[in-house]
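So the sequence lines, in the order shown, correspond to chains A and B.
FYI, our numbering numbers position 153 of the first sequence as 157, with every residue one higher than the one before it.
FYI, our numbering numbers position 162 of the second sequence as 166, with every residue one higher than the one before it.
The beta carbon of each residue, even a glycine, is placed where N, CA and C say it ideally should be.
Protein chains: 2
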Amino acid sequence: MKFVCKQSDLGTNLSLVSRAVPSRPTHPVLANVLLSADEEKQEVSLTAFDLSLGIKTTFEAQVETEGTIALPAKLFNDIVSRLPEGEILFDDEAKDTAETSSESAAIATLTCATGRYQVRGMSADEFPSLPTIQEGQSLEIAIDVLMEGLRGSLFATSGDETKQILTGVHVKVHPETFEFAATDGHRLAVTETASHPEAEGEEEAPKPSEPREFFEMTIPARALRELERMAAMGGKGEAIALSLDPGQIAFELSNQRLTSRTLEGQYPNYGQLIPRSFERQITVERRKLLSALERISILADKKNNIVKFSIDSEGQKLRLSVEAADVGSGEEALDAQISGESLDIAFNVKYAMESLKNLGSQEVQVKLNTATSPVVLTPLGGTKMTHLLMPVQLRS
Amino acid sequence: MKFVCKQSDLGTNLSLVSRAVPSRPTHPVLANVLLSADEEKQEVSLTAFDLSLGIKTTFEAQVETEGTIALPAKLFNDIVSRLPEGEILFDDEAKDTAETSSESAAIATLTCATGRYQVRGMSADEFPSLPTIQEGQSLEIAIDVLMEGLRGSLFATSGDETKQILTGVHVKVHPETFEFAATDGHRLAVTETASHPEAEGEEEAPKPSEPREFFEMTIPARALRELERMAAMGGKGEAIALSLDPGQIAFELSNQRLTSRTLEGQYPNYGQLIPRSFERQITVERRKLLSALERISILADKKNNIVKFSIDSEGQKLRLSVEAADVGSGEEALDAQISGESLDIAFNVKYAMESLKNLGSQEVQVKLNTATSPVVLTPLGGTKMTHLLMPVQLRS
């Protein structure tokens, strides 16, 4: 194999695929990145795969001789990222045949303006292929729609690997909408997006979607975080092609492909957790509430992270307070539009802050019934989002 | 005590003194910051002290009632740093006398535009005073001169607490110059500065220094890093007042005071380590050599950090190379002006890189004798700096 490419192309693509390289590989070959050069297409592709998440990217190169090799991902990435800008000559044809008689001794040579680096790799044969989707559902999803859905759900997934199904985002594909949901058992976030972005001003109207049957899947948060990163690099008008087989999903965007296993099992029926009616409602400026929580969280940190919300209906004020015995106390007061009677209720400040950070609107509505029943936060205007928080018990 | 001050003043000064708060205090009171308000001067001062390093800063405030209190540094700093901009009312006069009858229960109340925070502190009586310098040497040192000296020496101090004396910078005060030296046993850095900054263009000429006797001291690197930070906040023309007692040193800059114990023991006689004559000399572009070392260090990292320098006198090239068996190899070549015969010599790449980062000039000179004798690096022009590196043995 022999090709010439730009340092920036090789560097950018290597750092992208490197994110699918497992930190503790179950098989040595998985610590590698698969590099292959295609003479006909004049392009080079890189692949990394941890058996769950796989990423493949392709970029242009002047390919003289095609071939494949597996190279240690970290070392290769570390070297390439430091090479000077400009052209790199990649060559893995053994020159010292005397020394490298064994088949496994694949050596890649990188030559740049200032020097020459050799990296010992291994045969590409051992590297597992990325799964292909044979005949499942497929659809196109606009990058903006996907980003919106992920932003509104990813933060609420569970980090606890024993709760497998909760480590993913559950996506429901309806004919006209997508629903993204995540819960870790303490809070729930549901975001509903139109399946096409709204046409802005002069822009071309989106092509009408074909009638589509309902389907759903649970996708690991880790894969979706990489997808988010990938999508952020894509253009504004672009779409991502999604295809789904039982147990496997693939996303494709211009020169990139991401595959992931899907999570098995029944996703909780979260719809039934969301109350339909509320006795109380508060409208408050999101940033002001968030700042107040950030301040008071310093003291809440000393007391199980619990913050008391005192809803003062008469004064139209929302008061926050923490009493941490032996350390200190804090209180904050905000103007709020309150309907319903006054009430004291308490929350885990971390969940409340994360929720507010992800709601995105200027004002938020907090809808609630009693001090022990679930509370719903929604943005005022914008995307349709529902965050559900469980209150915690107030100990006096 | 009762005063009003700006959140930004309290915040900035708190974060500055907090750096002298020990992470594992030997006595509980040392985890506090001492706050005291002076009614006559209309100013507030903050002090932190870990029994070796002490920092005291002063800022303006509207002081209504004076007093002192010791407050838990981390919590207090965390709260103040998040308070909204604007005025803060500080008050430690107990209101609920019923609750706080015991003497030790000092409670500080901070009131800002949005809320109110209480922090439990302790009596200021237990807080140790910062050492005062009675009658030792003293001198003024221009901030620029100090910064130059520290930049040229601090990096080479030892981090090994068992080598006490080497964890500091040794400063020699000559009548017309200052000499800053540091060594960790593997490398040595010596920087000599004029005792006054050179007058630039139209600026006023520096006032002639009074005849001064020679003295020297070894100052802990930790205190000097804080001094560097403090000096960086000072104005360009300002000077720092230094005063020295046996075992104790103090630096004063407008509203800040830093004290530190000095390190006891005989500092190595480093002058005798620096060779007087050299058989070979290389002049090379500093940044190019540094970049090449940064690249090749990735492979050196796999092989004890050793990089071979091949000095090619005929070709007027400096070649760098690493052979890491089973992993790969790398080589770089740079143009250089070389006098003397060709030679192969090896260095620890980390020390070579750190040295080059701190030399600061566009070109550097590498002066050497044999592959096993100490090598000297100096900048071409600028401040007088001498870096000495010990070569390491090359194993083929």
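For the C-beta of residue 337 (chain A), the chain B residues within less than 8 Å are, from N- to C-terminus, 118, 119. When secondary structure is reduced to three states using DSSP, residue 295 (chain A) falls in the helix class.
Taken through DSSP and simplified to helix, strand or coil, residue 137 (chain B) comes out as coil. For residue 348 (chain A), the enclosing beta strand (DSSP E) stretches over residues 347 to 352.
Secondary-structure assignment with DSSP links residue 121 (chain B) through a beta bridge to A:334, B:114. Contact between residue 69 (chain A) and residue 5 (chain A) holds, with the beta-carbon distance rounding to 6 Å and staying under 8 Å. Beyond the five residues adjoining it in sequence on each side, residue 13 (chain B) comes within less than 6 Å, by CB distance, of 63 in the same chain, given in chain order. Near chain B, meaning a CB-to-CB distance below 7 Å, the residues of the region 309 to 338 of chain A are 330, 331, 332, 333, 334, 335, 336, 337. What residue 298 (chain B) touches in chain A, judged by beta-carbon distance under 7 Å, is 86, going in chain order. Around the CB of residue 235 (chain B), 16 or more other CB atoms lie within 10 Å, so the residue is classed as buried. Looking at the DSSP output, residue 302 (chain A) shares a beta bridge with no other residue. For residue 37 (chain A), the closest Cβ of chain B is not nearer than 7 Å.
When the five nearest sequence neighbours on each side are left out, the beta carbons in the same chain lying within less than 7 Å of the beta carbon of residue 227 (chain B) are those of 57, 262, 264, in order along the chain.
In terms of beta-carbon proximity, residue 82 (chain B) lines the interface with chain A, with at least one pair separated by less than 7 Å.
Look at residue 162 (chain B) here: in three-state DSSP terms it is coil, with no helix or strand label.
For residue 374 (chain B), the closest alpha carbon among the candidates B:122, B:366, B:314 is that of B:314. Apart from the 5 residues on each side of it in sequence, residue 316 (chain B) sits with its Cβ closer than 8 Å to the Cβ of 322, 323, 342, 346 in its chain, given in chain order. The three-state reading of DSSP puts residue 172 (chain B) in strand, counting E and B together.
With a 10 Å radius around the Cβ and a threshold of 16 neighbouring Cβ atoms, residue 31 (chain A) comes out exposed. At a cut-off of 7 Å between C-beta atoms, residue 302 (chain A) counts as an interface residue with respect to chain B.
Straight through space, the alpha carbons of residue 353 (chain A) and residue 383 (chain A) are spaced by roughly 18 Å.
By the neighbour-count definition (other C-beta atoms within 10 Å, threshold 16), residue 237 (chain B) is an exposed residue. In terms of beta-carbon proximity, residue 369 (chain B) stays away from the interface with chain A, with every pair separated by 7 Å or more. Nearest CB-CB separation between residue 122 (chain A) and chain B: below the 7 Å threshold. Setting aside the 5 residues that flank it on each side, residue 388 (chain A) is surrounded in the same chain by 196, each with a C-beta closer than 6 Å to its C-beta; the list follows chain order. A direct Cα-Cα distance of roughly 19 Å separates residue 338 (chain B) from residue 84 (chain A). If you ignore the 5 residues before and after residue 254 (chain A), its C-beta comes within less than 6 Å of the C-beta of 137, 247, 263, all in its own chain and listed in chain order. Between residue 378 (chain B) and residue 351 (chain B), the gap from beta carbon to beta carbon reaches 7 Å or more. Spatial neighbours of residue 162 (chain A) in its own chain (CB-CB distance under 7 Å, excluding positions within 5 residues in sequence) are listed in chain order as 170, 171, 188, 189. Annotation for residue 258 (chain B): 238, 242 place their beta carbon closer than 8 Å to its own, counting only its chain and skipping 5 residues before and after.
The Cβ atoms of residue 73 (chain A) and residue 117 (chain A) lie no closer than 7 Å to each other. Around the C-beta of residue 167 (chain B), fewer than 16 other C-beta atoms lie within 10 Å, and the residue is accordingly described as exposed. For residue 311 (chain A), the secondary structure class from DSSP, reduced to helix, strand or coil, is strand. Annotated as proximal: residue 33 (chain B) and residue 130 (chain B), with beta-carbon spacing under 7 Å. By the CB criterion at 7 Å, residue 219 (chain B) and residue 288 (chain B) fall outside the cutoff.
Rounded to whole angstroms, the separation of the alpha carbons of residue 156 (chain B) and residue 225 (chain B) is 13 Å.
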